[in-house]
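Here the structure is laid out as structure tokens; the discussion comes afterwards.
There are 4 protein chains.
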Amino acid sequence: MSPPSPEREAQHPAADSGGAPPAASPKIAAHRATAHREPRGRGRRPAAEVREDILDAAAVLLFREGMAGFTIERVAAEAGASKTTIYKWWPSKGALAADGYFHATEAELEFPDTGDIRADLRSQLRSFVHLITATAAGRLIAELIGHAQTDPDLAAALQTRYAGPRLRLAVDALNLARERGQLHPDINPESIVDQLWGACYHRLLVTGLPITEGFADNLLANVLHGIQDQPRNDV
Amino acid sequence: MSPPSPEREAQHPAADSGGAPPAASPKIAAHRATAHREPRGRGRRPAAEVREDILDAAAVLLFREGMAGFTIERVAAEAGASKTTIYKWWPSKGALAADGYFHATEAELEFPDTGDIRADLRSQLRSFVHLITATAAGRLIAELIGHAQTDPDLAAALQTRYAGPRLRLAVDALNLARERGQLHPDINPESIVDQLWGACYHRLLVTGLPITEGFADNLLANVLHGIQDQPRNDV
Amino acid sequence: MSPPSPEREAQHPAADSGGAPPAASPKIAAHRATAHREPRGRGRRPAAEVREDILDAAAVLLFREGMAGFTIERVAAEAGASKTTIYKWWPSKGALAADGYFHATEAELEFPDTGDIRADLRSQLRSFVHLITATAAGRLIAELIGHAQTDPDLAAALQTRYAGPRLRLAVDALNLARERGQLHPDINPESIVDQLWGACYHRLLVTGLPITEGFADNLLANVLHGIQDQPRNDV
Amino acid sequence: MSPPSPEREAQHPAADSGGAPPAASPKIAAHRATAHREPRGRGRRPAAEVREDILDAAAVLLFREGMAGFTIERVAAEAGASKTTIYKWWPSKGALAADGYFHATEAELEFPDTGDIRADLRSQLRSFVHLITATAAGRLIAELIGHAQTDPDLAAALQTRYAGPRLRLAVDALNLARERGQLHPDINPESIVDQLWGACYHRLLVTGLPITEGFADNLLANVLHGIQDQPRNDV
DNA sequence: CGCTAAGCGAGACGGTACGTCAGGTCTTTTG
DNA sequence: CAAAAGACCTGACGTACCGTCTCGCTTAGCG
């Protein structure tokens, strides 16, 4: 699930190390700075405008305090919206959190195919490692996935809008490589994604072991060449 | 993280299919049947007895309703204990849930070494797949891990008492196999655990894709022989 | 205040017993049966038609659920009108309720003067007792008066369209009787109305004691002859 | 119903005119001034103390804003209590308002029997007139009775603790007078109360006509001597 | 063996958030 | 272009749990 990282920060490995932190969406700050608090009576406001305010506030709150402290009540207060309106559009706190996250990050997914599947996987995996270790998104994604275990709405949103698309990109890349003869014809691409990105999530969510670029390289080596003691080509 | 499954039911692959469902701790039902509801005044009761009642009630509630609906208030009510007592011993709802879970399952961990690392991994992995797909423990573990993302107490408990021990067993087995020359000397055992059990958790927690024995075998094949298109020995 | 009862069903005492139940306005049911629910876009509709629908809906709702459950929102929904329209014509929920009540009951007030003030008062008073004890109007009037204590619009409407006219009729009758020499020349007619109808309201609104025809007769006897121990003519 | 006035202000007619306004319970202000706001953690507080705070706050709010603006939420806020606590003890807003009113006024009822029923009734009635016209209690009682029309809890409280006791006192006095031969043996004391105090309530709640001492005297004269044109003793 | 104090059960307390409902006010859309 | 439609914010509702704390008791443990 979710190979190509959200936020997108670096395509070629070299640029990875100095990647700028994605920050909780600069556009949010800008928007709120200009269009903030001009009390305008109690009547109707354009739906789109309200929706924007709510999502902005949700994102800000989410990045500021995480899922703990993320409350429909507080989102409403900070958005200058009413709870009623929020409940009209989002079925649960989780659904709102998901929308808020996506609204703030709006990752343009890419999984460039250079022809060298090993290099491409390495690049994507390292980007992902950077995202979940060096930016606020890491803890946030963990908390969203955590909450999704008891919030079906959030689970659905994450699978549809987050995990699904990223999985698809990686699977496509793997299939292409297989067709080029770079990978064994019997492979199951989804499983490989599970063994690369899933291994990272395992450390993020369960064991808490450190997630480094070396770790990512190691995962890749294992799955490419196997771990049995036999002649390898390279690493 | 957690290779040998809790509950442990079958060591050799053949026995897996007919494994008895682990059931939510028969000892609980027995205990509660006998020692249920004889109102006994408000004075002091032996700490051990009270503690037992609380853990039993926690486990029952946990298996009956999952983490949603698992409330300190309700545990107290069903245990005939007071909230004060619970707060005296457990720092958070998550800590209590973890203790309740372990109290009910009390897995005796084993990772038998037959000398054939491939068969041993296969057996252990299949047992784990069975646990998280065919028993109530699957959803429950997912919910516990989910809550652990925002509850440090629960996270600590899970890592210390659940993930840690299971990871250690598997790592030990892998190290043994390496020393026997069955695995490449450069391998990192923890990474391999991430790529086998972690891949299953990925599907359980994130993508929701099906987790089957075939999937487990596939994971194992990938990591043993690699996925690059080159001559393999066997599968 | 309100001597001559709304709905009015029987003028001469004898007919009282067999009075038909006033029913919550048959004309309403008829109207709603025909003009029900043909969604017709959002544009303009003849004001009169909309107004009629609203009043009908208000009356139906009022008689069905009382002032609790009587809501501008629900009236709008059941009338197929919008809240805007209602707020344009009625200043408050109470004003609408009052209008709805009068729309449904449309009492033709009468206080026939037979020349015998004692018989006339007795007849009117008994009719009023019947109205507030044997029909739905009793509870409703109580609730309207109740709400009027905190809703100036409703209070004004009730005094202008309900209490005022009825008070006037009774006062006129009493003045006529005084001019005929049947009553003491120093009397204050308004006070007498307070002591006859007001006494009934006291039981309806405050003490909850039973309101019977015997009670009405007793009120009349007291006020006609006094309660001091002295020779009376008759009762 | 409720002949002897709450707050009790004057027994003999002469003192009536200069009666001091009963003020919204001086003891409240005193209490709140001294024992206000020493934050003491979140745990339990003596029930009696909390109850006192709540009733004080309720009374203050009630006298300050009337039933409109009287909200459980605001009482809780001003009392420094929690809504939960209030809902634990009072079934509805009306019940709390009633308790708050009685807590603040704590009228010591008296209906002194001088042997002259006419003088006693006159005194009591004038006191009542003063109460409902010259003090804040008038509007408040009206609003409480108003709300009682749709709040059974409030209705019960008013009848039990307000209307009932006052009715009883007056009825007893009337019965005594009857036994002394001052009143006709056939009278129904409850009806007479309805015709004296009830007539005042009628003006207060329904017609809005002015309630003066002259009006009270007139009510008394009517009911004592009757209104038919016949020789009277005096007025 | 009797007294004391440790410590549990009970449950009320101040809070926070929930999800709902109605009141009024305003913009948009339609006839 | 006027009026109906309907979405908006506000504020209160009544409920559920949280974590804290007071109280009444019982029983264990000390004298």
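Chains as they are written, first to last, in my numbering: chain A, 27 to 261; chain B, 27 to 261; chain C, 27 to 261; chain D, 27 to 261. Even glycine gets a Cβ: it sits at the ideal position worked out from N, Cα and C.
Item	Value
Contact set between F137 of chain A and chain B, taken where Cβ atoms lie within less than 8 Å	Per Cβ cutoff of 8 Å: no residues; F137 of chain A is ~17 Å from chain B at best.
Residue-chain proximity (H156 of chain B, chain A), Cβ-Cβ < 8 Å	no
CA-to-CA distance, I218 of chain B to N244 of chain A, given in whole angstroms	9 Å
Which residues DSSP lists as bridging L157 of chain A, in chain order	DSSP, once it has assigned bridges, lists no residue as partnering L157 of chain A.
Meets three-Cβ-pair contact criterion under 8 Å: the stretch 190-208 of chain B and the stretch 136-152 of chain B	yes
Those residues which DSSP pairs with L209 of chain C across a bridge	D:Q254
Contact under 8 Å by Cβ, S118 of chain A with D179 of chain A	yes
Beta-carbon spacing of G164 of chain D, I158 of chain D below 8 Å	yes
Beta carbon of V232 of chain C nearer than 8 Å to that of Y127 of chain D	no
Same chain, Cβ closer than 7 Å to R204 of chain B, five either side skipped, listed in chain order	P211, I213
Short CB-CB distance (under 8 Å) between F241 of chain C and chain D	yes
A94 of chain A (DSSP reduced to helix, strand or coil)	coil
Beta carbon of V249 of chain C nearer than 8 Å to that of Q208 of chain D	no
Positions along the stretch 189-220 of chain C whose CB lies within less than 9 Å of some CB in chain D	A189, G190, L193, L200, R204, G207, Q208, L209, H210, P211, D212, I213, N214, E216, S217, I218, V219, D220
Where N214 of chain D falls: helix, strand or coil (DSSP)	coil
P236 of chain B, buried or exposed, once every other Cβ within 10 Å from all chains shown has been counted against 16	exposed
Top-ranked residue by Cα proximity to I167 of chain A, from A:E216, A:A189, A:H251, A:A74	A:A189
Counted within 10 angstroms of its Cβ, other Cβ atoms place S51 of chain D as buried (16 or more) or exposed	Bear in mind that the predicted position of S51 of chain D carries a pLDDT of just 37, short of 50, making it unreliable; the figure below should be weighed with that in mind. Answer is buried; the Cβ neighbour count reaches 16.
Buried versus exposed, by CB contacts within 10 Å (16 or more), T186 of chain B	exposed
Neighbour flag for A225 of chain B against chain A, beta carbons, 8 Å	yes
Contact under 8 Å by Cβ, A83 of chain B with G120 of chain B	no
Backbone CA spacing between R192 of chain D and W116 of chain D [nearest angstrom]	24 Å
Range of the contiguous alpha helix (DSSP H) that encloses W115 of chain A	109-115
Contact with chain D by T111 of chain C, beta-carbon distance below 8 Å	no
Minimum Cβ-Cβ distance from L88 of chain A to chain B less than 8 Å	no
Beta-carbon proximity check, D125 of chain D vs L184 of chain D, cutoff 8 Å	no
Integer Cβ distance of V76 of chain A from A107 of chain A, believed to fall under 8 Å	6 Å
Buried/exposed call for R152 of chain C, threshold 16 Cβ in 10 Å	buried
Beta carbon proximity, L151 of chain B to chain A, threshold 8 Å	no
Where T176 of chain A falls, given that 16 or more other Cβ within 10 Å makes a residue buried	buried
Reference T131 of chain B, options B:L88, B:R194, B:A225, B:L195, closest by Cα	B:L88
Nearest-angstrom Cα separation, counted from G224 of chain C out to F241 of chain D	14 Å
Distance, E91 of chain D Cα to E99 of chain D Cα	14 Å
is_contact[T176 of chain C, chain D] using C-beta, thresh 8 Å	yes
Close-in-space but distant-in-sequence residues of the same chain around L122 of chain D (CB under 7 Å, 5 per side omitted)	A84, I98, V101, I112, W116
Minimum Cβ-Cβ distance from L231 of chain D to chain C less than 8 Å	yes
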